[in-house]
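FYI, the numbering for the sequence shown is 9 to 98, going by our numbering. Idealized CB from N, CA, C, for every residue including glycine.
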Amino acid sequence: LAGRPAALLTHAQAPETWERPAPAPVAAPGRLRRMARSSPTTLTAGMEVKHPFFGPGRVEAVLGPRTVDVFFPRHGRKTLHLDYAKLEVI
9 LAGRPAALLT
19 HAQAPETWER
29 PAPAPVAAPG
39 RLRRMARSSP
49 TTLTAGMEVK
59 HPFFGPGRVE
69 AVLGPRTVDV
79 FFPRHGRKTL
89 HLDYAKLEVI
């Protein structure tokens with residue numbers, strides 16, 4: 009820092025008193041605000057389902073009102089949230 013004016017190297021406040029402004033609230037993107045929650049699950053263990061990527065599978069367990077474990081023969085066991093997984097009962 010040699011050669012720098014001393015005035016540039018001093019602080020108006022001591023670092024202990026520096027404050028960060030409170031973070032501004034962030035709204036969810038429009039597509040998430042508009043996403044409608046589908047009706048509660050009616051899936052039960054043993055039901056055959058189809059997923060757009062994983063293909064056909066069988067529900068192994070219902071873990072919660074919107075979460076299921078599904079076994080897909082080609083991809084193994086997956087835990088899926090029904091708000092995002094587009095499962096079709098077959």
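- With a contact defined as Cβ atoms closer than 8 Å, Val78 and Val57 qualify at about 6 Å.
- Residue pairing by DSSP places Gly54 in no beta bridge whatsoever.
- In chain order, Asp77 place their CB closer than 6 Å to the CB of Thr87, counting only its own chain and leaving out the 5 sequence neighbours on each side.
- Here Ala14 carries a helix assignment [DSSP, helix/strand/coil].
- When beta bridges are read from the DSSP output, Ala30 appears opposite no residue.
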